[in-house]
Structure formats: C-alpha cells, structure tokens
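Colleague: Residue numbering for the sequence shown follows this note's numbering, starting at 153 and increasing by one per position.
Here a beta-carbon is modelled for each residue, glycine too, at the ideal position from N, C-alpha and C.
Keep in mind the model is a prediction, meaning the values are calculated, not measured.
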Amino acid sequence: MKIGFIIYGSLDTVSGGYLYDRKLVEYLRSHGDNVDIISLPWRNYAAHLTDNFRFRLPPDLDLLIQDELNHPSLLFANRQTRPYPVISLVHHLRSSELRPESQNKFYRVIERNYLRSVDGFIFNSKTTQGTVSRLAGNRKPSIVANPPT
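Spelled out as structure tokens, the structure:
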C-alpha cells in the first residue's frame, strides 16, 4: 500500500507526538507498506493558514494520514476530490489547551472544519477521541491506538 503521511518539519523532531508518528511509520513499513513523509515547513498559525492557497493533496496514494497538528494548512486541500481516504492522526486539539476563551473559540472553528473534512481518525487515547467527538461529532471510522510504552 502506498501511504502519504503529512507532518510539519521532520519526523526526527523530539516530542511525544513525533515519537508516536515515528513508531506508526516504522510499524507500517515493517508490514510492507510504502510510507512517504510529506513535510510542510514549521511556521506560525497564521502562516499555516496561508498554505491553503497553494498546497494540494498528493496524487497516486492509496491512503493519506495527516497529523492533526497540520490542520490549519489542510482545510482547503481536504475539500479536493481525491481517490483515496484521508485519515487524521489526532494527539490532542489545540482548542483544548489553556488560553483565553476567545482564542480557543477561533481555534475550535478551524479545527471543527478540518475534522469534518477527513474520512476517519486514529486517536492516541480515549480522552482525545471524546474531545473530538464533542467538537465535531464522531460518525466516522476511528480507532484508538494507545502510544507504545
């Protein structure tokens, strides 16, 4: 299977989320899948929103996994007609972080639109699954794949 995996920056970034992403890529490759990393540059949130004017989903895939962290860059791209499913890997939602409520309202609008644009989900925990369900509904295929310990 040919799988695309969209992230910001490098898969070698040191964080819990990127460790999870690396482990998932290793697992898929060890089971014979061809995984292409599609890296978008790290910038600020507003700059990521401008990616929507130029970024297009790659052709010739069987499946595309998007780290939900990339949600501001993918709103318009996900509206394209595509011959493959798009799965969002959700570690946590930006709008669930502690900050002024007015900011989180803005992030919730963007995240809700993104979450509704994908075909299914991989969640890192039942807590994250519940958070997404409350924000965007959960009528799409999903799986909770707890991080390796």
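Give me the Cα-Cα distance between Pro-211 and Ser-240, rounded to the nearest whole angstrom.
Modeller: Distance between the alpha carbons of Pro-211 and Ser-240 is about 18 Å.
Colleague: Looking at C-alpha atoms only, which residue of Leu-192, Pro-224, Glu-263 and Gly-156 is the closest neighbour of Leu-216?
Modeller: With distances taken between Cα atoms, Leu-216 lies closest to Gly-156.
Colleague: Given a threshold of 16 other Cβ atoms within 10 Å of its Cβ, counted over all protein chains shown, does Glu-220 qualify as buried or as exposed?
Modeller: When all chains shown are included, Glu-220 counts as buried.
Colleague: From what residue to what residue does the beta strand (DSSP E) around Lys-154 run?
Modeller: Segment 154-160, the beta strand (DSSP E) holding Lys-154.
Colleague: Where are the beta strand (DSSP E) runs, 3 residues long or more, that stay fully inside the region 242-280, in chain order?
Modeller: Listed in chain order, the complete beta strand (DSSP E) runs (minimum 3 residues) inside the region 242-280 are 272-275.
Colleague: So which of Ala-297, Phe-273 and Ser-277 has the shortest CA-CA distance to Gly-289?
Modeller: It is Phe-273 whose Cα lies nearest to the Cα of Gly-289.
Colleague: Considering only the beta carbon of each residue, do Ser-162 and Leu-192 sit closer than 8 Å?
Modeller: Cβ distance not < 8 Å, so Ser-162 and Leu-192 don't count as in contact.
Colleague: Give me the residue from Gln-255, Arg-206 and Asp-214 with the minimum Cα distance to Asn-186.
Modeller: Selected option, being the one with the closest Cα: Asp-214.
Colleague: First and last residue of the alpha helix (DSSP H) that includes Ser-225?
Modeller: From DSSP, the alpha helix (DSSP H) with Ser-225 extends over 223-226.
Colleague: With a CB to CB cut of under 6 Å and the five nearest residues on each side skipped, what residues in its chain are close to Gln-232?
Modeller: Closer than 6 Å at the Cβ level, and outside the excluded window around Gln-232, lie Leu-209.
Colleague: When the Cα atoms are used, what is the spatial distance from Asn-298 to Ala-199?
Modeller: In a straight line, the C-alpha of Asn-298 is about 31 Å away from that of Ala-199.
Colleague: Would the beta-carbon of Ile-158 fall within 8 Å of that of Asn-256?
Modeller: Not a contact, by the Cβ cut-off of 8 Å.
Colleague: Compute the beta-carbon to beta-carbon distance between Leu-245 and Thr-283, rounded to the nearest angstrom, for a pair I have assumed lies under 8 Å.
Modeller: Confirmed, Cβ separation roughly 6 Å.
Colleague: Using DSSP bridges, identify the partner residues of Ser-294.
Modeller: According to DSSP, Ser-294 bridges with Phe-273.
Colleague: Along the chain, where does the beta strand (DSSP E) containing Leu-192 start, and where does it finish?
Modeller: 186-192 is the span of the beta strand (DSSP E), which, as asked, contains Leu-192.
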